[in-house]
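Enquirer: For reference, the structure I am asking about is given below.
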């Protein structure tokens, strides 16, 4: 649990971050990779610990070329889909200085919200 | 929605027990429930992502330095294991400035034969390292050709090129890569799959012995091992007609034959690994190879699923790798020999054989030990005609019930329910059922690494102890149906029965207690000042074993007297063989008691004289230290171990230094006498068929150990005499500063189980 502070801004900030705990975040970092995992911990330097993390990379030129070739060979029409490269890492800590973008996932469901 | 149901289930997850926030199980359950809830997304609604960078950054800045917002169940202890992204030491996906993500090497380009040869040899080297327990990410997966074949982008039939190569006319060099090297890689990968299957089907310890992690890759699932052999055949055919220098052709063919033999041996689970070992010619042609290190890279780790930091590639030399292969093959062949039909007829001989295997130098690798376990445990029987049940019954018969109708296999076939043999057999079977797992562990656990043998046997002691209770009940039942021989008690008071099953369990318990202590010496877990106490306990365990064997022998002798008048010679022959063997067991226990007694007295003298001392420990208490050290034995209910007080009162410190030295020498003489007897035993008498060489070697080592003890004692005596301490009572004498003692480390002892302190005079 986070320690509360007398400062109302601070209390609100802590509440905001607390609400994000265990939610899935997408972190985009300076070298182009993306990390998708559950938020477990953060601090005032914006260092972020994610659990059950997958690392995603933009496909390379070679990947795009291969996907295009296979698309053609398969006689498919329409746009070529190139998947991002993905691998499982587990528990990671992303230092705040390298984070360029933070995205959170939202869902609405037919039944109640979890 | 099914996922919602699951999420609800997970949310309701509780485990009975301590439900407080910090209670371990409740804690874990809540944590699991939480993560499960998050992972299972509710479907049927809409979802999206939202950029919260601004809000998040602003909020984070509001926190105090050092203030954390963290999940209540997330401990900082775990945080230590988190991989730090962008730190090159932790982040396997980090690409330094100026470097490329992927190695700049075209796996499809043709290569000259010399370089293909080098790659094949390098893969062989890396396979040897993998067998030693290093993960695939540091070994075989670092080959860029293998990496391409295993890439998630690749599809069956797993070519090196993603494009269509069939329309091209390939150069010889291209064919060497796409036909020969590819076939070799495929075969090696399928061999890995087979090795993993064998290892994972048996007992082993992940990370300690071997790493089975596949890093998110699959090992060519659509290609079978037999397909790999076909590919190798095609490669051989190609090479035979290819435009390649003769000497290179021969060298490449050798590698292909190696790969074929290796995978064939794995498929058939054959033991004919001598054929592989005979391929030592590889060593000669290796010099023809031309290095092409660019074909291997640890950059492959950037794309492997791993929760560990990046690891370096392993460097062992080609010669060392070949040496490993040779030893590996020899181990598999030996595993087969040691478990041959003849050896398996005697449980004790088989047991000795497994110990002998475990003590091969260097220790057999994980696959070889898994292979041995496969031979013994994969089928329903130990060997042809010897089911596990038969093995156990033979063990009981050999030890305690030779010639007795109770353990006669024929008795177990009687179907008439009123027959006492039928009734007794069913009772014995029920007991054997209870003892089965732990009994088979006596064989299986010796196939593990040395430290694990000690640790699992330590747990066995407690299990045997509780089995002894069962055995006593069973013996009482048997006695009521078929009363056995009754003899006067050794100390004259009252009568005593054999209690064969109790004796059998007790024997194994005492033997296991001795082994755990001996393995403790071998794995160096005792501090120098503890040697004295541990040797004393070893002596006590050995003495109890002696007494037990004597107890069994009395009844065996009495049983033989009854056979004298019978016409059937078989029971008497059986009893005679058992008698000879029990005499051997007796002598072995005698020896152990004598040698441990000598070492106890010697090390105790060294302590009394102030030469061997415990470290300064202000807060240590003797009883607490004792409890921790003897923890595994404290719970024994049947004939509990002597207490700390009993050990301390056995101390000999009121004797003179000279007297103690004399006692040590006479005890050593007793030990040597036992060895002389054992030397004259033949394999049938001692039940060491199959391990004759190890028997002889061990006796030699033990003889040397005895001599060493005598030598050290005379050293001590000489210096004591020089300083006029010989006739002083040990307790009152101090020889601090006059002598130095060093304790030989494991590996530099005459026999790994016996620690003989090295005594030297300290020169002024």
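Chains as they are written, first to last, in UniProt numbering: chain A, 1 to 114; chain B, 1 to 764. All residues carry an ideal CB built from backbone N, CA and C; glycine is no exception.
When the distance is taken between beta carbons, is residue 497 of chain B closer than 8 angstroms to residue 486 of chain B?
Expert: Yes, they are a contact pair.
Enquirer: Contact check, residue 690 of chain B vs residue 353 of chain B under 8 angstroms by CB: the rounded distance?
Expert: Yes, they are in contact, since the Cβ atoms of residue 690 of chain B and residue 353 of chain B sit about 5 angstroms apart, within 8 angstroms.
Enquirer: Please list the partners that residue 241 of chain B has in chain A, where partner means a Cβ-to-Cβ separation under 9 angstroms.
Expert: What residue 241 of chain B touches in chain A: nothing, since even the nearest Cβ is about 32 angstroms away.
Enquirer: Identify every run of the alpha helix (DSSP H) within the region 241-271 of chain B, keeping only runs that are complete inside it and at least 4 residues long; order them along the chain.
Expert: Segments of the alpha helix (DSSP H) lying fully in the region 241-271 of chain B: 246-268.
Enquirer: Specify the secondary structure class of residue 62 of chain A as computed by DSSP and reduced to three states.
Expert: Note: residue 62 of chain A maps to helix in three-state DSSP.
Enquirer: Would you mind telling me which residues of chain A sit closer than 7 angstroms to residue 53 of chain B, beta carbon to beta carbon, in chain order?
Expert: Near residue 53 of chain B (Cβ distances below 7 angstroms), the residues of chain A are 101, 102.
Enquirer: Which residues of chain A have a Cβ atom closer than 8 angstroms to the Cβ of residue 49 of chain B, listed in chain order?
Expert: Here the neighbours are 26, 103, 104, 105, 106.
Enquirer: Quick check on this structure: which residue in B:390, B:91, B:241, B:445 has the alpha carbon closest to the alpha carbon of residue 407 of chain B?
Expert: Comparing Cα-Cα distances from residue 407 of chain B to each of B:390, B:91, B:241, B:445, the minimum goes to B:390.
Enquirer: Leaving out the 5 sequence neighbours to the left and right, which residues in its chain are closer than 6 angstroms to residue 222 of chain B when beta-carbon positions are compared?
Expert: The residues are 156.
Enquirer: Nearest to residue 234 of chain B by alpha carbon, out of B:244, B:256, B:215?
Expert: For residue 234 of chain B, the nearest C-alpha among the options comes from B:256.
Enquirer: Using 10 angstroms around the beta-carbon of residue 416 of chain B, count the other beta-carbons present and answer buried if the total reaches 16, otherwise exposed.
Expert: Residue 416 of chain B should be labelled exposed.
Enquirer: Since residue 49 of chain B sits in a beta bridge, which residues does DSSP pair it with?
Expert: In DSSP, residue 49 of chain B forms a bridge with A:105.
Enquirer: Could you check what DSSP says for residue 56 of chain A in three-state terms: helix, strand or coil?
Expert: Here residue 56 of chain A sits in strand by DSSP.
Enquirer: Along the chain, which unbroken stretches of the beta strand (DSSP E) at least 3 residues long are found entirely within the region 394-442 of chain B?
Expert: The qualifying runs do not exist here; there are none.
Enquirer: Using a Cβ-Cβ distance cut-off of 8 angstroms, determine whether residue 246 of chain B contacts chain A.
Expert: Cβ-Cβ to chain A under 8 angstroms: no for residue 246 of chain B.
Enquirer: At what residue ranges does the region 46-121 of chain B contain a whole run of the alpha helix (DSSP H), taking only runs of 4 or more?
Expert: Listed in chain order, they are 53-62, 76-79.
Enquirer: How many angstroms separate the CA atom of residue 63 of chain A from the CA atom of residue 445 of chain B?
Expert: Whole-angstrom Cα-Cα distance: 49 angstroms.
Enquirer: Give the single residue among B:320, B:208, B:64, B:292 whose Cα lies nearest to the Cα of residue 120 of chain B.
Expert: Residue 120 of chain B has its Cα closest to that of B:292, out of B:320, B:208, B:64, B:292.
Enquirer: Does the separation of the CB atoms of residue 140 of chain B and residue 160 of chain B fall below 8 angstroms?
Expert: Against a cut-off of 8 angstroms, the Cβ pair of residue 160 of chain B and residue 140 of chain B comes out as no contact.
Enquirer: On the criterion of 16 or more Cβ atoms from any shown chain inside 10 Å, does residue 197 of chain B qualify as buried, or is it exposed?
Expert: With fewer than 16 Cβ atoms within 10 Å of its Cβ, residue 197 of chain B is classed as exposed.
Enquirer: Determine the burial state of residue 19 of chain B: buried for a count of at least 16 other Cβ atoms within 10 Å of its Cβ, exposed for fewer.
Expert: Note that residue 19 of chain B has pLDDT 45, beneath the 50 cutoff, so the model's placement of it is unreliable and the number below is only indicative. Looking at its Cβ environment, which holds fewer than 16 other Cβ atoms inside 10 Å, residue 19 of chain B is exposed.
Enquirer: Going along chain A in order, which residues have a C-beta closer than 7 angstroms to the C-beta of residue 65 of chain B?
Expert: Ordered by position in chain A, the residues that pass the 7 angstroms Cβ test against residue 65 of chain B are 44.
Enquirer: Round the Cβ separation of residue 586 of chain B and residue 546 of chain B to the nearest angstrom and send it over; I've been treating them as touching at under 8 angstroms.
Expert: That belief holds up - the Cβ atoms of residue 586 of chain B and residue 546 of chain B are roughly 6 angstroms apart, short of 8 angstroms.
Enquirer: Does the count of Cβ pairs from the region 199-212 of chain B and the region 447-458 of chain B closer than 8 angstroms reach three?
Expert: Flag = yes, the region 199-212 of chain B and the region 447-458 of chain B touch.
Enquirer: For residue 435 of chain B, count the other beta carbons within 10 Å of its own beta carbon; 16 or more makes it buried, fewer makes it exposed. Which is it?
Expert: Counting Cβ neighbours within 10 Å, residue 435 of chain B comes out buried, since at least 16 surround it.
Enquirer: Going along chain B in order, which residues have a C-beta closer than 8 angstroms to the C-beta of residue 90 of chain A?
Expert: 83, 307, listed in chain order.
Enquirer: Are the C-beta atoms of residue 68 of chain A and some chain B residue less than 8 angstroms apart?
Expert: Closer than 8 angstroms: no.
Enquirer: Around the Cβ of residue 760 of chain B, are there at least 16 other Cβ atoms within 10 angstroms (buried) or fewer (exposed)?
Expert: By the neighbour-count rule (16 or more Cβ atoms within 10 Å), residue 760 of chain B is not buried but exposed.
Enquirer: For a cutoff of 8 angstroms on Cβ pairs, would you count residue 56 of chain A as touching chain B?
Expert: No, no contact with chain B.
Enquirer: Suppose you measure from the CA of residue 88 of chain A to the CA of residue 15 of chain A; what does that come to, to the nearest Å?
Expert: Cα to Cα, the separation comes out at about 30 angstroms.
Enquirer: Run through DSSP, which three-state label would residue 527 of chain B get?
Expert: Three-state result, residue 527 of chain B: coil.
Enquirer: Which residue marks the beginning of the beta strand (DSSP E) containing residue 43 of chain A, and which one marks its end?
Expert: 34-43 is the span of the beta strand (DSSP E), which, as asked, contains residue 43 of chain A.
Enquirer: Are at least three pairs of beta-carbons, each pair with one atom in the region 94-102 of chain A and one in the region 31-50 of chain A, less than 8 angstroms apart?
Expert: Counting Cβ pairs under 8 angstroms, three or more are found: they touch.
Enquirer: Can residue 723 of chain B and residue 607 of chain B be called in contact, C-beta distance under 8 angstroms?
Expert: Their beta carbons are not under 8 angstroms apart, which means residue 723 of chain B does not touch residue 607 of chain B by this criterion.
Enquirer: Specify whether the region 458-472 of chain B and the region 394-404 of chain B touch according to this definition: at least 3 beta carbon pairs, one from each stretch, less than 8 angstroms apart.
Expert: Contact fails: fewer than three Cβ-Cβ distances are below 8 angstroms.
Enquirer: In whole angstroms, what is the alpha-carbon distance linking residue 272 of chain B and residue 265 of chain B?
Expert: So the alpha carbons of these two residues sit roughly 7 angstroms apart.
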